[in-house]
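A.B. asks: Residue numbers (our numbering), protein chains in the order written: chain Y, 924 to 1043; chain Z, 924 to 1043.
Even for Gly, the Cβ is constructed at its ideal location relative to N, Cα and C.
Remember, predicted model here, so these are calculated numbers, not experimental data.
2 protein chains.
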Amino acid sequence: MNNSECDVCEQLCEHPQAICRARSEALADEDARELAETFKILGDTTRVKILQILSRCELCVCDIAAVVGMGQSAVSHQLRLLRGARLVKYRKEGKMVLYSLDDDHISMLLAQGIEHIKHR
Amino acid sequence: MNNSECDVCEQLCEHPQAICRARSEALADEDARELAETFKILGDTTRVKILQILSRCELCVCDIAAVVGMGQSAVSHQLRLLRGARLVKYRKEGKMVLYSLDDDHISMLLAQGIEHIKHR
DNA sequence: CCATTATATGAATATATGTTCATACGTTTA
DNA sequence: TAAACGTATGAACATATATTCATATAATGG
Chain Y
924 MNNSECDVCE
934 QLCEHPQAIC
944 RARSEALADE
954 DARELAETFK
964 ILGDTTRVKI
974 LQILSRCELC
984 VCDIAAVVGM
994 GQSAVSHQLR
1004 LLRGARLVKY
1014 RKEGKMVLYS
1024 LDDDHISMLL
1034 AQGIEHIKHR
Chain Z
924 MNNSECDVCE
934 QLCEHPQAIC
944 RARSEALADE
954 DARELAETFK
964 ILGDTTRVKI
974 LQILSRCELC
984 VCDIAAVVGM
994 GQSAVSHQLR
1004 LLRGARLVKY
1014 RKEGKMVLYS
1024 LDDDHISMLL
1034 AQGIEHIKHR
């Protein structure tokens, strides 16, 4: 995968073959980092609430704040993170900014997660 | 959703209807918390690597540590979190403990996430 | 142009988190 | 039973994170 070529296989405790094989199939470091970054953004109660709300309809910042019961500033900070992770998009309408999910994909992720927690 | 019945609708900046509607469709606090908790566990490079590796084959702690290039202790701590979130399961074989994904569902979550980061 | 409204952002603070080190636990083997 | 091995865990530390407060920006209406 990386430049390393199973160089660790000889030294460690056990199962050099398994290690080599797993290494060759492992996620690239950069991909793992990005993937984790995405999940990390999803990993906050406020942000999850925001996303789930936006999966139903487009809303302005002020309304989002009202629904999740947090201050405007806090919500704005979180929306910034969500934007950065390309989880939400926005459009301006007058002095308002209307947010929505970046694509349906995000809904799927949420649904998949909900399924996991409901599944017992 | 909660016991609150749109009581905030009258006071805040804008769109009381939108707020009421969103509130009624919002995730229950506890669900949002659990969902975020799950994603939070997924939101770490080391843990993502571990999960992706385990999506390919069952491995012992020592081998996992070798593959992700971290200490046994660090990996063990992370596996504990992964267990707590029901993302991995394990079985003992002699003095070894073999870990694997808790169910195929988890692979799907990972795949969905990967699709998101690859999608541009 | 000034006041108002909606949103964004920087600084500060409290809290959470990941890794390391040392050590404990449990199983196997000598 | 003692030693060795694989794994788990508690404490400590450094770093990351979420919220709040104050304030800035941008757009609208008077």
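Starting from Ser996(Y), follow the beta strand (DSSP E) in both directions and report where the run begins and ends.
C.D. replies: The count along the first sequence starts at 1 and reaches residue 996(Y) at position 73. Segment Gln995 to Gly1007 is the alpha helix (DSSP H) holding Ser996(Y); no beta strand (DSSP E) there.
A.B. asks: Could you tell me which of Asp952(Z), His1000(Z) and Ala949(Z) sits nearest to Arg970(Z), measuring between CA atoms?
C.D. replies: Indexing the second sequence from 1 puts residue 970(Z) at position 47. Closest by alpha carbon: His1000(Z).
A.B. asks: If we count the other Cβ atoms within 10 Å of its Cβ and call it buried at 16 or more, is Gly1036(Y) buried or exposed?
C.D. replies: Here residue 1036(Y) refers to the residue found at position 113 when the first sequence is read from its first residue. Gly1036(Y) comes out buried.
A.B. asks: For Arg1043(Z), which of Ala1034(Y), Tyr1022(Y), Arg1014(Y) and Leu1010(Y) has the nearest alpha-carbon?
C.D. replies: Taking the second sequence and counting its residues from 1, one reaches residue 1043(Z) at position 120. Closest by alpha carbon: Leu1010(Y).
A.B. asks: If you pair each beta-carbon of the region 941-951 of chain Y with each one of the region 990-1004 of chain Z, do three or more pairs fall below 8 Å?
C.D. replies: The region 941-951 of chain Y, when compared against the region 990-1004 of chain Z, does touch it at the 8 Å Cβ threshold.
A.B. asks: Looking at C-beta atoms only, is the number of pairs between the region 955-975 of chain Z and the region 952-972 of chain Y that lie closer than 8 Å three or more?
C.D. replies: Segments in contact, yes.
A.B. asks: Are the beta-carbon atoms of His1039(Z) and Leu1005(Y) separated by less than 8 Å?
C.D. replies: Residue mapping note: residue 1039(Z) aligns to position 116 of the second sequence, counting from 1. Residue mapping note: residue 1005(Y) aligns to position 82 of the first sequence, counting from 1. In this structure, Leu1005(Y) does not lie closer than 8 Å to His1039(Z) by Cβ.
A.B. asks: Tell me whether the beta-carbon of Gln975(Y) lies closer than 8 Å to the beta-carbon of Val984(Y).
C.D. replies: Position 52 of the first sequence, counting from 1, holds the residue named residue 975(Y). Position 61 of the first sequence, counting from 1, holds the residue named residue 984(Y). Taking 8 Å as the Cβ cut-off, Gln975(Y) and Val984(Y) do not qualify as a contacting pair.
A.B. asks: Ordered along the chain, which non-local residues of its own chain (more than five positions away) have a Cβ less than 8 Å from that of Ala959(Z)?
C.D. replies: Along the second sequence, one-based indexing puts residue 959(Z) at 36. Nothing listed; no residue qualifies.
A.B. asks: Sorted by chain position, which residues of the same chain lie with C-beta nearer than 7 Å to Gly1017(Y)'s C-beta, five sequence neighbours on each side aside?
C.D. replies: Along the first sequence, one-based indexing puts residue 1017(Y) at 94. Result list for Gly1017(Y): empty, nothing under 7 Å.
A.B. asks: Starting from the Cα of Ala941(Z), find the closest Cα among Lys1012(Y), Tyr1013(Y), Glu981(Y) and Asp1025(Y) and give me that residue.
C.D. replies: The sequence position of residue 941(Z) within the second sequence is 18, counting from 1. Comparing Cα-Cα distances from Ala941(Z) to each of Lys1012(Y), Tyr1013(Y), Glu981(Y) and Asp1025(Y), the minimum goes to Glu981(Y).
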